[in-house]
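Contents: one structure, followed by commentary.
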Amino acid sequence: MNTHHQGLGNSVQRAPRKSKVALAVTVSAAVAAFAASAPARADYVQNGTSTETSAGCVGNIAISGSSTYPAAATGCDNVAIGTAAVANSGSSTGAYSETVAIGRMAAATGTFATAVGGNAVATGDQATAIGTASSAVGTQATAVGNGAIANGATASAFGQGAFAVDQSTAVGQGASATATFSTAVGKGSIAAGGTALGFQANAGAADAVALGVDSSASATGSVAIARATASAVNAVAIGEGANAADANSVALGANATTRAYTTVNSVALNGVTYSGFAGTPVGVVSVGSAGAERQIVNVAAGAISATSTDAVNGSQLFSIANQVSTLTADLANLTTTVGKISSSVPGGTVTNPTDTAIGTNTSVTATNGTAVGNGSNVSGDNGTAVGVNATVTATNGTAIGTNSKVTAANGTAIGTGSNVSGTDSTAIGTNSRATANNAVALGANSVADRDNTVSIGSPGAERQLTNVADGTAPTDGVNMRQLNGAINSVREEMSKYRKDANAGTASAIAMANLPQAVLPGEKVVALGGGTYGGQSAMAVGLSVATAKWLVKGSVTTAVSGHGSFGAGAGVGYRW
């Protein structure tokens with residue numbers, strides 16, 4: 000069955016699908032003149048003759064103005080118009096369908112691909128390239144404008160010379176989106192990972208945002224608005240000429256600049272140091288620059304507490320100033336004496352500007368003295384008396400306690416009724432007394448009356464000294480454990496020497512009891528024994544008698560286990 004359609008001014012004949020005859024197009028007189036010498040290939044039909052290489056594909060259109068470089072539309076439902084235009088140049092086994100290539104050497108390769116313009120190239124399914132030398136390479140890539148390039152899936156480039164890569168968008172003459180997920184809008188704008196909007200705006204890092212003519216955000220997460228510059232990580236610059244060059248910092252307003260933050264842990268004012276401040280700085284917020292500062296107005300009152308980091312406004316400072324003014328007025332009403340401080344308590348008197356006297360009938364008559372307590376008195380330089388009727392009469396003395404008293408230099412008396420009358424001495428305790436030099440009395444009623452001693456009691460009221468560690472140096476005190484050890488050691492030595500002495504006595508007794516030769520010419524060998532103090536001894540002796548002489552000798556040994564030996568000899572003359 001034959002069907003007839005009106006197209007391009009003349010009838011179109013389509014062969015039945017069953018006969019697999021390709022579409023032939025006859026153009027009008029004007030078009031025919033343009034293509035008279037140009038062979039065209041449409042749906043595998045060359046010069047009106049079917050090649051029978053694509054079974055069942057119809058609807059292709061190919062129109063060319065050159066016999067040397069014919070247009071080619073191969074596949075199904077494709078259109079190629081122009082010298083060397085190619086709509087789906089794939090093989091019969093990999094052919095695409097519904098592609099459009101219009102323009103000299105335009106090429107559309109991919110299902111639903113469209114290339115319009117001289118040398119335009121659309122490669123990839125649903126790719127679109129419109130404009131001379133435009134290029135869309137990748138699925139759903141779109142390039143619109145002379146020389147526009149969309150290089151990657153879903154890339155979009157709009158404008159002369161615009162360039163975009165995968166999943167990025169560039170809009171404007173020379174706009175460039177060079178990293179994934181980038182957006183560049185405006186002539187000469189550049190986005191390399193972020194978003195750039197405006198003439199020559201530049202977002203040169205991941206997540207950077209540049210908005211406005213010549214704005215530049217060149218660091219990760221930075222933001223520049225209105226010809227501003229943000230060159231540090233997470234920096235924000237807003238305003239003509241604003242510059243944020245420090246990480247996590249903000250420059251607000253024309254020509255505002257940032258600087259490195261300063262950590263403030265304490266502040267010293269009039270010799271007083273204040274600390275304990277809340278907050279840890281990570282950046283700064285600047286609303287101006289050196290020499291071009293700005294006021295911050297319309298600031299709500301900030302919270303005031305130990306942990307608050309809010310800004311305060313002028314009304315809060317005004318309130319504080321009023322309180323300070325009130326305190327100043329109160330201070331002005333206080334009675335002060337320049338160069339001399341006197342207690343307001345009745346009766347306190349001082350004679351030097353460095354003295355202090357507090358209490359009824361208190362008196363300080365020496366330099367740098369302090370008397371606190373009714374009736375207290377200091378008459379020694381650098382002395383301190385604290386307590387009712389406490390008294391210091393010597394240099395560098397300290398008396399603390401009711402009726403305490405120091406009358407010798409460098410003395411210290413602490414306790415009710417304590418008294419120090421020895422130089423460099425100390426008495427601590429109720430009624431304690433240190434009357435000797437360099438002595439210490441510790442405890443109530445203790446008395447230190449010998450130089451260079453420490454007393455913890457008094458005659459008839461002695462104290463034990465407990466919890467004493469073992470002495471180690473020659474001048475250390477010893478405790479009971481060390482003393483008992485020494486005594487036991489002496490006892491052991493004495494017991495040993497006592498036994499030795501008793502054994503010697505037993506030996507003497509044994510030798511004394513040896514029988515002797517008496518008559519001339521007698522010779523006697525004798526054996527004797529002795530005991531004394533639990534020790535025993537044995538003696539062996541020999542004696543010889545002559546008419547005139549008596550000679551004897553003996554040997555003895557203790558038999559009580561000491562193993563000692565003794566010997567003796569004697570000679571006698573008789574007449």
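According to numbering that gives the first Met the number 0, the sequence shown holds residues 0 to 574 in order. Ideal Cβ positions, reconstructed from N, Cα and C, are used throughout, including at glycine. In this text, all values refer to a predicted model and were calculated from it rather than measured experimentally.
query, result
"6 Å CB neighbourhood of N512 in its chain, flanking five on each side removed", "G527"
"Distance between A119 and D165 (C-alpha atoms, nearest Å)", "19 Å"
"Length of the line joining the Cα atoms of N436 and G410", "9 Å"
"Secondary structure of V323, DSSP reduced to three states", "helix"
"Segment contact flag, the segment 469–486 with the segment 436–452, C-beta cutoff 8 Å, min 3 pairs", "no"
"Spatial neighbours of A169 in its chain, beta-carbon cut-off 6 Å, leaving aside the 5 residues before and after", "A156, A161, F162, A163, S175, A176, A183"
"Other residues of its chain near A546: CB distance less than 6 Å, five sequence neighbours each side excluded", "P519"
"Rounded separation between G137 and V249 - CA only", "40 Å"
"N269 burial status per 10 Å Cβ neighbour count (16 or more: buried)", "exposed"
"Where M493 falls, given that 16 or more other Cβ within 10 Å makes a residue buried", "exposed"
"Cα-Cα separation between T383 and G396, rounded to whole angstroms", "6 Å"
"N150 versus G238 - alpha carbon distance", "34 Å"
"Nonlocal neighbours in the same chain, by C-beta distance under 6 Å from S265, ignoring five residues either side", "T272, S274"
"Endpoints, beta strand (DSSP E) assigned at L513", "Where L513 is concerned, there is no enclosing beta strand (DSSP E), given that its DSSP letter is neither H nor E."
"Pair within 9 Å by beta-carbon distance, A231 and A244", "yes"
"Other residues of its chain near R293: CB distance less than 7 Å, five sequence neighbours each side excluded", "G252, V286, G287"
"Endpoints, beta strand (DSSP E) assigned at Q159", "Unbroken run through Q159: none, as it is neither H nor E."
"Chain-order list of residues whose beta-carbon lies under 8 Å from that of A305 (same chain, five-residue window excluded)", "G275, A277"
"Contiguous beta strand (DSSP E) assignments of at least 3 residues, all confined to the segment 167–241", "168–170, 182–184, 194–196, 208–210, 222–224, 235–237"
"CA nearest to the CA of S188, picked from Q172, F180, T179", "Q172"
"Short Cβ contact (9 Å threshold) for T401 with V391", "no"
"Reduced DSSP secondary structure (H/G/I, E/B, other) of T452", "coil"
"Where A23 falls: helix, strand or coil (DSSP)", "Residue placement at A23 is poorly supported in this model, since its pLDDT is 30, which falls under 50; the coordinates are not used for a value here."
"S362 to N376 span [Cα, whole Å]", "5 Å"
"Among D499, N297, N483, the one whose alpha carbon lies nearest that of G533", "D499"
"Among Q159, G158, A152, the one whose alpha carbon lies nearest that of N167", "Note that residue 167 corresponds to Ser in the displayed sequence, not to Asn. Answer by Cα proximity: A152."
"Neighbour-count burial assignment, K404, 16 or more Cβ in a 10 Å radius", "buried"
"Three-state secondary structure assigned by DSSP to L464", "coil"
"Nearest-angstrom Cα separation, counted from T422 out to P458", "22 Å"
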